[in-house]
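Right, one structure below, let's go through it.
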Amino acid sequence: MLNGVKVIDLTIPLGEGIVMWPGAQAPEAETVVTVAHDGYFARRVSFFEHSGTHFDAPCHFIEGQTTVDKVPVASLVRPAAVIDIAGRIGDDADGELLLEDVRMFEEANGRIPDGSAVLLRTGWEEFNHDERRYAGAPGDLRFPGFGVEAAKFLVDERKIGGLGTDTLGIDPGGATHFPVHSQVTHPKGIWHLENLQNLKLLPPLGAWIVVGVLPLIGGSGSPARVIALLP
Ligand SMILES: [Zn+2]
């Protein structure tokens, strides 16, 4: 708490044990110098751009769209709208955010402000240490996500700036053609945050998020420190 502002970390610590998109290599770290031997400690780290809590730049699915270093910094600080469907979907790994959920959210909390980052809480963050539960069975990805109709409404009617979720991906695991990524958000330059946690600590409206993504030159995305500020 600083000057009445509460700070909440929405980031999963990044290391070799995290659940990855199937087939993607886990992060690796190699110690290159040590305090005992060299007088200072540092490692060399390599990671897939979409590891852990991370950012998808629009070029992730659309050739020629914005790379991560070119995403305007002002677009990385946004009011958050947190839609919680964990209670409604329960254990349903095919659960989706429906237009009806958005309508009910707005009836209860008011209109989602233009330019918001809409963060979907599915409850899957509780399983982010358990690959089978979090991602589904090998060859059969299963986790909840944004339905196409709801995502379209948020982009076209609410002019949102970004989407985020507490699962491996914005599109539900079963949506193997990634309709939200490829048809709804990235073509319009809208970014994503995936593998968020601690969404249950945020109010429906009123928090802001700061997306500390690495400006990797020409990159498709990057692990990101995502920080929420609660006035
Ligand atoms: Zn991604």
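Following my numbering, the numbering of the sequence shown begins with 615 at its first residue and continues without gaps.
Glycine included, each C-beta is placed from N, C-alpha and C at the ideal position.
The C-alpha of His664 is placed about 14 Å away from the C-alpha of Asp780. Inside the segment 754-787, DSSP marks whole beta strand (DSSP E) runs of 3 or more residues at positions 776-779, from first to last along the chain. Per the coordinates, the alpha-carbon of Ala700 lies some 45 Å from the alpha-carbon of Val647.
Within its own chain, the residues whose Cβ lies closer than 7 Å to the Cβ of Pro786, once the five positions on either side in sequence are excluded, are Asp708, Glu710, Phe757, Pro758 and Gly759, listed in chain order. Cβ neighbours of Gly832 within its own chain (closer than 6 Å, five residues either side excluded): Thr681. If the five residues before and after Thr736 are omitted, its C-beta is found closer than 7 Å to the C-beta atoms of Ile699, Ala700, Ile703, Gly709, Pro758, Thr779, Asp780 and Thr781, all from its own chain and listed in chain order. Across the set Gly788, Gly750, Gly783 and His806, the C-alpha of His806 shows the shortest separation from the C-alpha of Gly775. Nearest neighbour of Tyr748 by Cα position, chosen from Pro801, Arg717 and Ile632, turns out to be Ile632. Contact annotation, Ala688 with Ala842: C-beta distance approximately 18 Å; criterion of less than 8 Å not satisfied. By the Cβ-count criterion, Thr790 is exposed, with fewer than 16 other Cβ atoms from all chains shown falling within 10 Å of its own Cβ. Around the CB of Val794, 16 or more other CB atoms lie within 10 Å, so the residue is classed as buried.
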